[in-house]
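These notes concern the structure reproduced below.
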Amino acid sequence: MSTTKLTVAVLRDAMARRGVSELAYLHADHFEPWSYRGSTRNDINRENADNLARFVEQTGKLDFARRLTLFYRAIVYYRMGSGTGSVGVPGDKMTFFMPSPQDNTLAREAMGALVATSRHEIQAHYHHEYFVKNTNYTAKVEHSPQDRVDFLQRESTPAMDRARFELGLQLLQQRIREDTGLTFDRWFFVHGMWALNASDFDVCMITNEIEILKRNGFAGDFTFPAGRAHTNPLQTQPFMIRPIDAPKCYDLPGAEAEPAAGAAHAR
């Protein structure tokens, strides 16, 4: 806390020298509370729920962390083939399914408490690199089943990937609504592996990703600056585009990028 007090003092003095009366800040981050535990992926369990409650308590004590923008990765599972509760695109060999009723209840309790007792806002974080075609990512991951790798690399088509991506996105939205109790009809986004709109074929080859996101309620993206620096846009300030169907479309002339500040209208 001593470091925090020093930082606040430095900022206060700098603002006073410059005649600044108000400071606004934005914290935007990947939020994956259902993290790895042992050999199981994405566990909704009591330990993680308790950690989530602790997070709410601790951030509530910090004046600079009471209102964070949390890009929430809700849990939706996927698999090859069908099974009880499976949902898939007609004709697709890959399907999605939800956590167990017990896990759903625990997630709703934990995330519902976060929404009810804190000022944090919830947005969307979507990992899809394991169930759409890419040039390398799925194949190089150690735990990827071979049948899934073979299907994605040899059989999945751009049309199938787009349909599967959109269905998974809609199920993610459904899970976020159920976990948080929010309507979640207009939301912001962070790409799971920083490859927005096929800006890195190693991870994602969906060239109309922004269009798909937009028609499902997406209002803006906070992926950048990215962990994969070559996917970053040429623009260095918040900007608006007209989404087009092309890799890394946000850098192309047809996207008509313009600074968000002072833009004539929302696109």
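Numbered according to this note's numbering, the sequence shown spans residues 4 to 270. Ideal placement from N, C-alpha and C gives every residue a C-beta, glycine not left out.
What number of angstroms, rounded off, separates the C-alpha of residue i from the C-alpha of residue j?
{"i": "R165", "j": "Q61", "result": "40 Å"}
{"i": "N345", "j": "K251", "result": "Summary: the structure shown does not reach residue 345, with the chain confined to residues 4 through 270, and so no result is reported for it."}
{"i": "E259", "j": "G91", "result": "35 Å"}
{"i": "H146", "j": "Y140", "result": "12 Å"}
{"i": "A52", "j": "A110", "result": "7 Å"}
{"i": "N54", "j": "F67", "result": "20 Å"}
{"i": "M163", "j": "R76", "result": "23 Å"}
{"i": "A264", "j": "R157", "result": "44 Å"}
{"i": "T186", "j": "F225", "result": "21 Å"}
{"i": "M18", "j": "D153", "result": "58 Å"}
{"i": "D95", "j": "D106", "result": "27 Å"}
Using C-beta distances below 6 Å, list every residue in its chain close to residue i, excluding the 5 sequence neighbours before and after it, in chain order.
{"i": "L71", "result": "H30 and H123"}
{"i": "T210", "result": "A201, D248, A249 and P250"}
{"i": "D188", "result": "G220"}
Below 7 Å CB to CB, which residues in the same chain sit around residue i once its five sequence neighbours on both sides are set aside?
{"i": "F227", "result": "N235 and P236"}
{"i": "F134", "result": "Y81, M97, R167 and G171"}
{"i": "K217", "result": "P246"}
{"i": "E261", "result": "F242 and M243"}
{"i": "N137", "result": "F204, D205, V206, C207 and M208"}
{"i": "G272", "result": "Since the first residue of the chain shown is 4 and the last is 270, residue 272 is not available in this structure."}
{"i": "V79", "result": "F99, M101, G171, L174, L175 and R178"}
Could you check which residue in the options has the C-alpha nearest to that of residue i?
{"i": "F34", "options": "T186, G91, L185 and V193", "result": "V193"}
{"i": "F191", "options": "D32, A17 and G88", "result": "D32"}
{"i": "R49", "options": "R189, R218 and T108", "result": "T108"}
{"i": "F221", "options": "Q173, Q240 and A232", "result": "Q173"}
{"i": "G86", "options": "M18, I78, M101 and A142", "result": "M101"}
{"i": "D254", "options": "R231, P93, S202 and F225", "result": "S202"}
{"i": "A204", "options": "R151, E132 and A17", "result": "Just to set this straight, residue 204 is Phe in the shown sequence, not Ala. Among R151, E132 and A17, the Cα nearest to that of F204 belongs to E132."}
With a cut-off of 8 Å on the beta carbons, I'd call residue i and residue j a contact; round off their distance for me.
{"i": "A119", "j": "F74", "result": "The Cβ separation is near 20 Å, so there is no contact."}
{"i": "A249", "j": "W197", "result": "No, A249 and W197 are not in contact; Cβ-Cβ is about 18 Å, not under 8 Å."}
{"i": "I322", "j": "F168", "result": "Residue 322 cannot be examined here, being either before or after the span of the chain that is shown, 4 to 270."}
{"i": "G195", "j": "F99", "result": "With a Cβ gap of about 15 Å, G195 and F99 do not count as contacting."}
{"i": "Q176", "j": "N219", "result": "7 Å"}
{"i": "V59", "j": "S121", "result": "5 Å"}
{"i": "G63", "j": "R57", "result": "With 8 Å as the limit, G63 and R57 do not qualify as a contact, their Cβ atoms being about 11 Å apart."}
Could you pull out every residue in the same chain whose Cβ sits closer than 8 Å to the Cβ of residue i, ignoring the five residues on either side in sequence?
{"i": "P148", "result": "M83"}
Three or more C-beta pairs closer than 8 Å, one from the stretch 169-182 and one from the stretch 108-117: is that the case here?
The answer is yes - the stretch 108-117 touches the stretch 169-182, with three or more Cβ pairs under 8 Å.
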